[in-house]
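Throughout the sequence shown, residue numbering follows mature numbering (1 follows the signal peptide of the UniProt record, and there is no 0), covering -33 to -1, 1 to 308 in sequence. Ideal placement from N, C-alpha and C gives every residue a C-beta, glycine not left out. Have a look at the structure below, then the notes.
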Amino acid sequence: MRTKPGTRLLVALAATAAAGAVALTAIPGAASAAAPTRAAAHVGTQAVGTQAVGTQAVGTQIVRSAAAVPPVLDGTVVASFDAFDANQAIAVDKKYFYAVNNRTITKHDKATGKPLLQFAGASDGPIIHMDSGAVVGNKLYVAHSNYDESPMESSIEVFDTETMRHVGTHSFGIYRGSLTWLDRHDGAWWAGFANYDVVPDGESEPYGETYNTQVVKMDNDFQAVESWTIPTQILDRFKPMSNSGGSWGPDGRLYLTGHDLGEAYVMKVPAAGAELEWVATVELPEIQGQGIAWDRSGAKPTLWGISRADSKVISFSVPYRNISDPERTDWEILGPGEFQQ
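Below is the structure:
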């Protein structure tokens, strides 16, 4: 189970309160989630608001100063389409977008928004809760679960993008949580397994607890290779729901969304440790979380999302080239006479 934020060390305090200790992480211990701080589009090691990311030497030790909330960038609406079943997520390829609902997926012309074909699962059939999708080749891979039934069950459902016929499935059974998104990146499958603080009707316990949410890297057979947690600050913004969407951007970073807020969190795999590194936040006006998809088919990649309140599919340009990873000093190599005692 994830450690609650109130029990985690605030490194700024550790630097002054523990002269002989080395703080290797910087995760604020506030009980409530802080809103992202708006900053210039360039993300680096400069000051953000009144905070700065950096390190300071204490004797022969390296101690990280308090971490800034990553800067916020603005996504700009490129196009918007009416889509009657844009309720859970969006998938996209070169010519079409696919609006995902619990039991239906509607294929639309990407230029006009016109609906063309629809997969429709029976109300008493095995398709219960489709959450997001990703197009790989001529197949649409969809994250599916039995949300909010217990115990949690998850599967990947596969569709032919030309005919919209169901052509394959992979069952996880009872696994790490509720599968909410899936994407292909760097020769591997990546997925989000969500857990929730919501207590389902008729139950007395939370649906897995949000802090137990994981991002999992899998091989070609959907077997787990590695997994990471999501920073507590972001999970607190997801609560009481969880991570609903995820898609790898053209910049090689992972973009995550929650269930309700119109913002995507830009993440990178850490050099060490088991928690993803939060690099930036992108505001996505007019959407309310849910499943997202990067359209990487053209010269100008766009990020797609949905407004379930307005039944719309919306694409955004994102200034991803202005994002840079903050410089970090997490360790050093010491010689004789410098060893920490």
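Legend entry - Cβ-based neighbour list, Y142, same chain, cut-off 7 Å, excluding 5 preceding and 5 following: S121 and F160
Inset, instruction - Would you mind working out which of A241, G144 and E253 sits nearest S278, comparing C-alpha positions? - result: E253
Inset, instruction - Take S138 and list the residues in its own chain whose beta-carbon comes closer than 6 Å to its own, dropping the five residues that flank it on each side. - result: S122
Inset, instruction - Starting from the Cα of R263, find the closest Cα among H152, Q190 and E244 and give me that residue. - result: H152
Legend entry - Option in S99, G88 and V59 with minimal Cα separation from G256: S99
Inset, instruction - Would you give the residue range spanned by the alpha helix (DSSP H) that E57 belongs to? - result: Rather than Glu, the amino acid found at residue 57 in this sequence is Ile. That residue, I57, is in no alpha helix (DSSP H); its beta strand (DSSP E) goes A56 to V59.
Inset, instruction - Would you mind sorting I201 into buried or exposed? The rule is 16 or more other CB atoms within 10 Å of its CB. - result: buried
Inset, instruction - Taking the CB atoms as reference points, tell me whether V236 and W271 lie closer together than 8 Å. - result: no
Legend entry - Extent of the continuous alpha helix (DSSP H) run through D203: T199 to F205
Inset, instruction - Could you say which of Y232, N289 and Y178 lies nearest to M208 if we only look at CA atoms? - result: Y178
Inset, instruction - Drop a sphere of 10 angstroms on the beta-carbon of G26, count the other beta-carbons inside from all chains shown, and report buried for 16 or more, exposed for fewer. - result: Only weak support is given to the placement of G26: the predicted model assigns it a pLDDT of 43, under 50, and the value that follows is read from those uncertain coordinates. Per the 10 Å Cβ criterion, exposed.
Legend entry - T224 vs I197 beta-carbon contact at 8 Å: no
Inset, instruction - For the beta strand (DSSP E) holding Y108, just list the boundary residues, first then last. - result: K106 to S112
Legend entry - V67 vs Q85 beta-carbon contact at 8 Å: no
Inset, instruction - Check each candidate in Y287, K106, D115 and R70 and name the one with the smallest Cα separation from V39. - result: Y287
Inset, instruction - List in chain order: all unbroken beta strand (DSSP E) runs of 3+ residues lying wholly within the stretch 128 to 183. - result: 133 to 140, 145 to 152 and 155 to 161
Inset, instruction - Could you say if the stretch 103 to 121 and the stretch 230 to 245 meet the contact criterion of at least three C-beta pairs nearer than 8 Å? - result: no
Legend entry - Candidates R70, I95, K81 and E294, of which the one nearest E244 by Cα: E294
Inset, instruction - Decide if P303 is buried, meaning its Cβ has at least 16 other Cβ atoms within 10 Å, or exposed. - result: exposed
Inset, instruction - List the endpoints of the continuous beta strand (DSSP E) containing W245. - result: E244 to E250
Inset, instruction - Would you check if there are 3 or more beta carbon pairs closer than 8 Å linking the stretch 63 to 80 to the stretch 91 to 106? - result: yes
Legend entry - Segments of 3+ residues assigned as beta strand (DSSP E) that fall wholly inside the stretch 206 to 275: 212 to 215, 221 to 224, 230 to 235, 244 to 250, 260 to 262 and 269 to 274
Inset, instruction - Taking Q181 as the reference, give the member of E299, N69 and A158 with the closest Cα. - result: A158
Legend entry - Test: G240 CB closer than 8 Å to a CB of chain D: Considering every chain present, this structure includes no chain D. It has just one protein chain.
Inset, instruction - Could you please give me the residues that DSSP links to D76 through a beta bridge? - result: Y63
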